[in-house]
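J.: Okay, so the sequence shown: first residue is 7 according to our numbering, each after it adds one.
I'd like to ask you about the structure that follows.
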Amino acid sequence: MLGALGAALALPVLAQSVKITPLGGIDGEFCPQDRALVFEDPNGTRVLYDPGRTVAGAGDPRLGKIDIILVSHMHGDHVGNAHNKAPNSGSCEAPDMSVSAMPNSSAVNIAVAKKSRIVTGSEMPPFFAAKLKANGGDPANSMLARFGGSVTVGGVRIATVTAMHSNGVDPDYLGGELGRAMKEAGIAGDVGLATGYIVQFSNGLVAYLSGDTGITADQDLVVRQHYNAKLAVMNIGDGFTTGPAEAAYVINDLVKPASVIASHANEVATVGGKVRPGSKTERFIKAAKVPVHLPLSGKTMEFDASGKCTAGC
Ligand SMILES: [Zn+2]
7 MLGALGAALA LPVLAQSVKI TPLGGIDGEF CPQDRALVFE DPNGTRVLYD
57 PGRTVAGAGD PRLGKIDIIL VSHMHGDHVG NAHNKAPNSG SCEAPDMSVS
107 AMPNSSAVNI AVAKKSRIVT GSEMPPFFAA KLKANGGDPA NSMLARFGGS
157 VTVGGVRIAT VTAMHSNGVD PDYLGGELGR AMKEAGIAGD VGLATGYIVQ
207 FSNGLVAYLS GDTGITADQD LVVRQHYNAK LAVMNIGDGF TTGPAEAAYV
257 INDLVKPASV IASHANEVAT VGGKVRPGSK TERFIKAAKV PVHLPLSGKT
307 MEFDASGKCT AGC
């Protein structure tokens, strides 16, 4: 009796899907600067991950309501030191990054305009709290989820995990005498370690967002064995992060999700929405043992609790 009731209550929840919409540079393509994804929980909570340079600032009409902003680390192509004038300005080969977001960052400008919470780990929250305060926002909207802990906002549980990367703050965010002196000396500000994220949605889907990272033992020990992530968003660009071969090893042998969304390819990955032959993205797709979905800008994908794409892929 109880079992039947439990199943009746649980089924509609499991059948619900998380909608993921890439906000890239050019509609229908996967371009060099593309990082930003909007996750929409079945309960309506909307999460923006790494706005980067392809979200056209707080006025980008594609944003809509944004409840939570995740920033994996402080590099300009993730927090957004500059951005395009509007979606589809520039080209996939030559992205428009002509609008400066300094010294605020695009993440902060969007958070102030949308009254979003910024959830970060490491020692990034005080930086964002100060920026929110300086721009008329509420510093309390900068929230901490440090390694091993989590916060729940709008029914979405957020934790941070290690990312093997760097996380220097460009002195241009500081400005003034100190910023100039640091810049001359070639020294970045310190806000602790770069991060990835584990995001658990209300339908039960657990997603791993790698951020910029190399291969880490935590991808097995923490991301898979503890959090049991079923969907991965994996950076594949090489040079700055894991390349296609390393990213495929992470997916095949460490995280072992049901499916993966390629990210941060730093190349023209698609032409007409199809994978460009000879691209890093093609190499990753061939090397990965699970379905690889392309983050085509503006194209919404839906994922169920098991990490399977149920629509839009
Ligand atoms: Zn980086």
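Glycine included, every Cβ here is placed at the ideal spot set by N, Cα and C.
Cβ of residue 246 within 7 Å of any heavy atom in ligand 1?
T.: yes
J.: Given a threshold of 16 other Cβ atoms within 10 Å of its Cβ, counted over all protein chains shown, does residue 49 qualify as buried or as exposed?
T.: exposed
J.: With three or more beta-carbon pairs closer than 8 Å as the criterion, would you say the region 24-39 touches the region 293-306?
T.: Between the region 24-39 and the region 293-306, the count of C-beta pairs closer than 8 Å reaches three or more; the two stretches touch.
J.: Helix, strand or coil for residue 8 per DSSP?
T.: In this predicted model, residue 8 has a pLDDT of only 48, less than 50, meaning its place in the structure is not dependable enough to derive any value.
J.: Measure the beta-carbon distance from residue 270 to residue 219 and round it to whole angstroms, keeping in mind my assumption that it falls under 8 Å.
T.: Not quite, the Cβ-Cβ distance comes to about 10 Å (not below 8 Å), so this is no contact.
J.: Nearest to residue 126 by CA position, among 229, 82, 318 and 74, is which residue?
T.: 74
J.: Given 7 Å as the limit, tell me if residue 218 has its C-beta closer than that to any heavy atom belonging to ligand 3.
T.: Ligand 3 is not among the ligands present in this structure, which contains only ligand 1.
J.: In this structure, does DSSP put residue 150 in helix, strand or coil?
T.: strand
J.: Between which two residues does the beta strand (DSSP E) harbouring residue 25 extend?
T.: 24-28
J.: My assumption, with CB atoms under 8 Å, is that residue 202 sits in contact with residue 78. Please give the rounded CB distance.
T.: Indeed they touch by this definition, with Cβ atoms about 6 Å apart.
J.: Under 8 Å between the Cβ atoms of residue 135 and residue 148?
T.: yes
J.: Please determine if the region 236-246 and the region 87-96 are in contact, where contact requires at least 3 C-beta pairs separated by less than 8 Å.
T.: The region 236-246 makes no contact with the region 87-96: fewer than 3 CB pairs, one atom from each, lie closer than 8 Å.
J.: Taking 7 Å as the cut-off, is the beta-carbon of residue 299 closer than that to any non-hydrogen atom of ligand 1?
T.: no
J.: Do the region 223-239 and the region 179-188 meet, that is, are 3 or more Cβ pairs less than 8 Å apart?
T.: Touching, no.
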